[in-house]
Amino acid sequence: MTRAAVRMRFWCELSASAPGRPPRIVLGLHLAPTPRLAVRWMRGQAERVARALDPGPDTPWLPPTCLRPVRAGGVPDPGSAIREWARAEAERENALEVLREGWSYTVAAHDETTHYRLTAWPLVLPPAGELRVYRRTHAAAQAAPLTPPRPRPAGRP
């Protein structure tokens with residue numbers, strides 16, 4: 159199958175998990191048609207998480223002087239780390255190039271209680287209009303329901 163015949167989409171996910179616990183909580187999902195739109199979605203989600211974790215002292219929905227800057231040495235600050243990625247144009251361009259090459263890209267930050275992960279990876283979908291015919295015998299139809307194949311992650315170059 160030629161590269162022109164393959165449709166690429168980019169699965170984007172924002173998740174949080176507790177250290178030492180396998181299940182993660184999905185905070186956002188998006189299927190982007192291009193790498194640029196995947197990175198744009200990631201940037202918007204990064205800003206959203208940063209505002210939630212680390213609101214500025216001038217946040218309009220908080221009473222005046224409710225918050226003040228605090229710098230504790232050696233303590234992880236995921237809100238600031240994610241905000242820095244969202245505002246660093248060079249890092250976003252790097253993410254765009256990585257996705258264009260068919261690799262996954264992840265931004266991760268953590269504190270003592272939670273790990274935050276913002277990830278995008280390419281999916282390879284069958285070409286538009288490709289008809290797949292599924293043939294089954296009566297015995298096979300009785301054994302298990304027919305499910306079409308799922309999109310699979312892109313292979314690494």
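Anchor point for the sequence shown: position 121 equals 279 in this note's numbering, and the numbering is continuous, going up by one each time.
All C-beta atoms in this analysis are idealised placements derived from N, C-alpha and C, irrespective of residue type, glycine included.
What does the alpha-carbon distance come out to for the pair residue i and residue j?
i, j, result
"Met159", "Gly186", "Model confidence at Met159 stands at a pLDDT of 46, short of 50, so the residue's coordinates are unreliable; what they give is reported in the following sentence. In a straight line, the C-alpha of Met159 is about 33 Å away from that of Gly186."
"Ala246", "Thr264", "15 Å"
"Thr271", "Pro221", "27 Å"
"Arg258", "Met200", "15 Å"
"Ala278", "Val197", "8 Å"
"His273", "Pro213", "18 Å"
"Ala204", "Leu276", "8 Å"
By the DSSP assignment, the alpha helix (DSSP H) with residue i in it spans what residues?
i, result
"Ala204", "193-211"
Taking its Cβ as the centre, do 16 or more other Cβ atoms sit within 10 Å of residue i, making it buried, or is it exposed?
i, result
"Val207", "buried"
"Pro280", "buried"
"Ile240", "buried"
"Ala176", "exposed"
"Trp219", "exposed"
From the DSSP output, in three-state form, read off residue i for me.
i, result
"Ala174", "strand"
"Ala244", "helix"
"Arg275", "strand"
"Leu185", "strand"
"Leu257", "helix"
"Arg250", "helix"
"Val180", "Note that residue 180 corresponds to Pro in the displayed sequence, not to Val. Note: Pro180 maps to coil in three-state DSSP."
"Pro236", "helix"
"Trp169", "strand"
"Leu220", "coil"
Inspect the CB distances between the region 186-193 and the region 166-173 and report whether three or more fall short of 8 Å.
yes
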